[in-house]
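Line order of the protein sequences matches chains A and B.
With the first letter of the first sequence counted as 1, position 59 gets the number 58 in numbering that gives the first Met the number 0; the numbers rise by one all the way through.
With the first letter of the second sequence counted as 1, position 151 gets the number 150 in numbering that gives the first Met the number 0; the numbers rise by one all the way through.
Yeah, the Cβ is synthetic: ideal placement off N, Cα and C, and Gly gets one too.
There are 2 protein chains.
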Amino acid sequence: MDDRPDPMRDSATYLMFELMRLARRTSVRMFPGGLRLPHMLVLACVARLGPMSQREVAAELRMDPGDLVGIVDALEEAGHVSRRRDPEDRRRYALDATEDGRLALGEALADRARLNEVLFEPLSADEVRLFKDLILRVLAHHDTRFGEPGPCRQPGEDARAETGGRGSHAGR
Amino acid sequence: MDDRPDPMRDSATYLMFELMRLARRTSVRMFPGGLRLPHMLVLACVARLGPMSQREVAAELRMDPGDLVGIVDALEEAGHVSRRRDPEDRRRYALDATEDGRLALGEALADRARLNEVLFEPLSADEVRLFKDLILRVLAHHDTRFGEPGPCRQPGEDARAETGGRGSHAGR
DNA sequence: TATTGTTATACTCTATAACTATA
DNA sequence: TATAGTTATAGAGTATAACAATA
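Here's what the structure looks like:
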């Protein structure tokens with residue numbers, strides 16, 4: 000039966016696929032009805048980058064502007080974002096996060112942190128940092144958003160456990 | 000503008016989400032019309048584990064048996080798998096990979112390897128191995144398929160699927 | 001921007017047929 | 001047999017997500 004090894008398990012993208020399925024199921028089980036990732040991303044985007052148009056959000060998140068309509072509809076109905084016409088250019092919206100939206104984002108971030116704790120429990124804190132660092136380096140290679148070390152570390156934030164230089168830090 | 004850090008980027012599951020989006024887009028761009036991951040998984044499963052029922056495939060891959068119907072339909076129509084009734088139990092199919100299916104699987108595996116090379120180009124071979132190793136350890140902690148002997152159920156999933164061999168179910 | 005439509009994936013529920021066990 | 005319960009597949013329906021085309 001199990002004589003031959005599964006050739007799929009050699010593929011990093013397949014393993015990531017399995018891990019994402021596990022993450023989604025675990026998320027639904029732990030936080031049913033919670034903010035889903037796309038909504039969370041849009042909310043976090045407007046909360047961080049201030050009043051902006053849907054077009055700008057779509058560009059920032061690499062999402063289809065058409066798909067943003069429904070997401071912003073839902074966030075507006077939930078009272079998480081405000082959506083008024085930009086007086087400078089009435090074709091555009093000026094989206095912004097409400098106070099309630101910022102609270103909801105904080106809760107969603109806490110939930111997601113808890114999810115990550117449960118999911119990555121077998122890894123040490125250093126290993127999780129290394130894991131994220133490897134992904135960030137791959138993303139940076141293909142997507143300018145993740146390009147520079149910029150918004151990952153801030154003055155006043157703790158940077159001592161830096162695992163990832165561009166060099167080789169993974170001997171194994 | 001606003002140079003506050005994006006709080007999402009601290010979340011391993013968010014970074015994985017972005018990397019999976021990138022992988023899917025890259026895959027479609029490099030191999031339009033190629034075998035998609037679920038089809039590939041089913042094909043690899045029957046090619047490796049010999050003649051088996053759809054129920055067994057679903058259990059092995061943690062997929063919904065209902066969703067398997069369409070996937071096997073497509074694989075059968077493409078000539079990649081054979082689907083005949085199991086004479087021992089005519090409710091079941093005896094699925095098996097055809098020679099053509101094994102060839103197609105080999106090509107799909109080669110394509111996926113090429114995709115992984117392109118995607119993970121910024122990482123060294125050791126780092127990719129480490130990356131896969133970290134994922135495998137996480138998967139093993141939540142899913143019995145991925146090693147780690149021991150009594151361990153994956154979250155959000157029950158143990159309903161236990162179709163070992165034909166014949167006796169001990170507990171009734 | 002918004003709308004409409006298409007496709008892929010995942011999950012739920014139900015129907016039907018074939019099997020198992022038992023009275 | 002007859003009856004009841006279980007299993008394997010099929011199908012409909014829902015929901016999310018990505019994407020294309022167009023108003």
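DSSP beta-bridge partners for residue i?
| i | result |
| --- | --- |
| aspartate 95 (chain A) | A:Ser81 |
Would you say residue i faces chain A, with C-beta separation under 8 Å as the test?
| i | result |
| --- | --- |
| aspartate 179 (chain B) | There is simply no residue 179 (chain B) to check, as chain B begins at 0 and stops at 171 in what is shown. |
| leucine 114 (chain B) | yes |
| leucine 118 (chain B) | yes |
| arginine 182 (chain B) | Residue 182 (chain B) is absent from the model: chain B starts at 0 and stops at 171. |
| valine 80 (chain B) | no |
| valine 127 (chain B) | yes |
For the alpha helix (DSSP H) that contains residue i, what are its first and last residues?
| i | result |
| --- | --- |
| arginine 8 (chain B) | Element bounds for arginine 8 (chain B): n/a, residue is neither H nor E. |
| arginine 35 (chain A) | Element bounds for arginine 35 (chain A): n/a, residue is neither H nor E. |
| glutamate 87 (chain A) | Counting along the chain, glutamate 87 (chain A) falls outside any alpha helix (DSSP H), and DSSP gives it neither H nor E. |
| arginine 54 (chain A) | 53-60 |
| phenylalanine 130 (chain B) | 124-141 |
| proline 64 (chain A) | 64-76 |
Assign residue i to one of two classes, buried (16 or more other C-beta atoms within 10 Å of its C-beta) or exposed (fewer than that).
| i | result |
| --- | --- |
| leucine 34 (chain B) | buried |
| serine 123 (chain B) | exposed |
| glycine 146 (chain B) | exposed |
| alanine 107 (chain A) | buried |
| arginine 111 (chain A) | buried |
| alanine 22 (chain A) | buried |
| alanine 43 (chain A) | buried |
| leucine 114 (chain A) | buried |
| glycine 78 (chain B) | exposed |
| aspartate 63 (chain A) | exposed |
| threonine 143 (chain A) | exposed |
| glutamate 59 (chain B) | buried |
| valine 68 (chain A) | exposed |
| valine 41 (chain B) | buried |
| glutamate 55 (chain B) | buried |
| alanine 109 (chain A) | exposed |
| aspartate 66 (chain A) | exposed |
| glycine 32 (chain A) | exposed |
| arginine 84 (chain B) | exposed |
| glycine 105 (chain B) | exposed |
| glycine 100 (chain B) | buried |
| valine 27 (chain B) | exposed |
Verify the CB distance criterion: does residue i have a CB-CB separation below 8 Å to chain B?
| i | result |
| --- | --- |
| tyrosine 173 (chain A) | Since the first and last residues shown for chain A are 0 and 171, residue 173 (chain A) lies out of range. |
| threonine 143 (chain A) | no |
| isoleucine 70 (chain A) | no |
| arginine 89 (chain A) | no |
| proline 121 (chain A) | yes |
| valine 45 (chain A) | no |
| glutamate 98 (chain A) | no |
| proline 150 (chain A) | A caution first: proline 150 (chain A) carries a pLDDT of 43, below 50, which makes its placement in the model too unreliable to give a value. |
| alanine 160 (chain A) | With a pLDDT of 39 at alanine 160 (chain A), under the threshold of 50, the predicted position of this residue should be treated as unreliable, though the coordinate-derived value follows. No, no contact with chain B. |
| glutamate 106 (chain A) | no |
Taking 7 Å as the cut-off, is the beta-carbon of residue i closer than that to any non-hydrogen atom of the ligand NAP?
| i | result |
| --- | --- |
| leucine 129 (chain A) | Of ligands this structure carries none, so the ligand NAP is not represented either. |
- Residues of the region 5-25 of chain B with a CB closer than 8 Å to any CB of chain A: list them in chain order, please. Asp5, Pro6, Met7, Arg8, Asp9, Ser10, Ala11, Thr12, Tyr13, Leu14, Met15, Phe16, Glu17, Leu18, Met19, Arg20, Leu21, Ala22 and Thr25
- Item | Residues of the region 130-141 of chain B with Cβ closer than 7 Å to any Cβ of chain A, in chain order | Phe130, Lys131, Leu133, Ile134, Leu135, Arg136, Val137, Leu138, His140 and His141
- Task: Please name the residues in the region 32-56 of chain A whose beta-carbon is closer than 7 Å to at least one beta-carbon of chain B, in chain order.
- Result: Leu36, Leu40, Ala43, Arg47, Leu48 and Gly49
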